[in-house]
Amino acid sequence: MSHDLFEAARDAMARAYAPYSKFPVGAAIRADDGKIYVGANIENLSFPQGWCAEPTAIGNMVMGGGRRIVEMAVIAEKLALCPPCGGCRQKIAEFAGPETRVYLCDEVGVQKTMTMEELLPFSFKTEMLG
Ligand code: THU
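Heads up, the sequence shown is in full-length UniProt numbering, so the first residue is 1 and it goes up one at a time.
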């Protein structure tokens, strides 16, 4: 069930530090350890130094002991169905598979489900780097 992930992402969004864009984003990951890890965007006065909600959640997952993303929810206060940015798609793909579901939300719940294959087709993959 994805409603708990939606609620976790929405609650995480409330912790966003987005004084420059005023565009709070929240993300929640259900990981392979059964736990939910959350994140929000964290901006910086030196604008390029800020980062998105998704990598905050990924960092929390890795440091909390989760290794793989089972499913993920993303929400933005000011944009229904906010899709993860390109860089975030690559970051999510590192810990997900082509069938991993990403839930795009509005203020009441999950409104659209996409797989990573749909979000990031023809992604960068190589055996060369291990
Ligand atoms: N943002 C995210 O947190 N995730 C995304 O996938 C899209 C963009 C953040 C970055 C920045 O803090 C704000 O939204 C406006 O771009």
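For glycine and all other residues, C-beta sits at the position ideal for the given N, C-alpha and C. Since we're looking at a predicted model, the values are computed, not measured.
- Proximity to ligand 1 was defined by a C-beta distance below 6 Å to any of its heavy atoms, and the residues meeting it, in sequence along the chain, are Ala18, Ser21, Phe23, Val25, Asn41, Glu43, Gly50, Cys52, Ala53, Glu54, Pro84, Cys85, Cys88.
- Within the same chain, Cβ atoms closer than 7 Å to the Cβ of Gln111 are found at Ala80, Leu81, Leu104, Cys105, the five residues on either side in sequence being excluded.
- Annotated three-state conformation of Arg101 is strand, per DSSP.
- Looking at the backbone, the Cα of Gly109 and that of Gln49 are separated by about 30 Å.
- Pairing Arg101 with Glu127, the inter-Cα distance amounts to about 24 Å.
- Shown here, Ala96 sits in coil according to DSSP, grouped into three states, outside any helix or strand.
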